[in-house]
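Have a look at the structure below, then the notes.
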Amino acid sequence: MTDKGNPLKQVVDLLRSHGFDQASEDFQLQVDRLSSGEKDERIAAADAIEQRAHPRWLGDLYIDGLKLQEWWGLLERAAEYAQKAARSMA
Numbered sequence: 005m006t007d008k009g010n011p012l013k014q015v016v017d018l019l020r021s022h023g024f025d026q027a028s029e030d031f032q033l034q035v036d037r038l039s040s041g042e043k044d045e046r047i048a049a050a051d052a053i054e055q056r057a058h059p060r061w062l063g064d065l066y067i068d069g070l071k072l073q074e075w076w077g078l079l080e081r082a083a084e085y086a087q088k089a090a091r092s093m094a
């Protein structure tokens with residue numbers, strides 16, 4: 005996987021490489037919102053990422069080469085990363 009330090013990028017890259025274009029674009033949009041200068045916008049983006057990380061949303065997708073538990077773990081790490089990023093920015 006690329007960019008092991010950023011689970012958000014890992015999720016986007018995996019979605020793109022497995023042909024989930026709409027899901028990758030939607031997820032990338034939320035990731036981009038994390039850079040907003042407005043704290044409320046960043047928190048809303050982090051919450052949206054957390055919703056998408058649910059097993060019945062993106063967790064339902066088959067990612068070749070990853071066990072289901074690995075995929076869910078990555079999504080969980082991405083949601084945690086987003087929440088921390090949204091709240092730590094000034």
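Each residue of the sequence shown is one higher than the one before, starting from 5 at the first, in the working numbering. Each residue gets a CB set at the ideal place from its N, CA and C atoms; glycine is no exception. Computed from a predicted structure; not experimentally measured.
Coarse secondary structure for residue i, derived from DSSP in three states
i: Ile-47; result: helix
i: Lys-71; result: coil
i: Glu-54; result: helix
i: Gly-77; result: helix
i: Glu-42; result: coil
Enclosing alpha helix (DSSP H) for residue i [first to last residue]
i: Arg-60; result: Run containing Arg-60: none; DSSP gives neither H nor E here.
i: Ser-95; result: Nothing can be reported for residue 95, as the shown portion of the chain is limited to 5 through 94.
i: Ser-21; result: 11-21
Residue i Cβ short of 7 Å to the ligand NAD heavy atom set
i: Ile-53; result: Although the ligand NAD was asked about, the structure shown includes no ligands whatsoever.
Beta-carbon proximity of residue i to residue j, cut-off 8 Å
i: Ala-50; j: Leu-62; result: no
i: Ala-27; j: Leu-33; result: no
i: Arg-91; j: Pro-11; result: no
i: Ala-4; j: Glu-54; result: Outside the shown range of the chain, which is 5 to 94, sits residue 4, and nothing can be said about it.
i: Ala-57; j: Leu-79; result: yes
i: Ile-67; j: Trp-76; result: no
i: Leu-70; j: Phe-24; result: no
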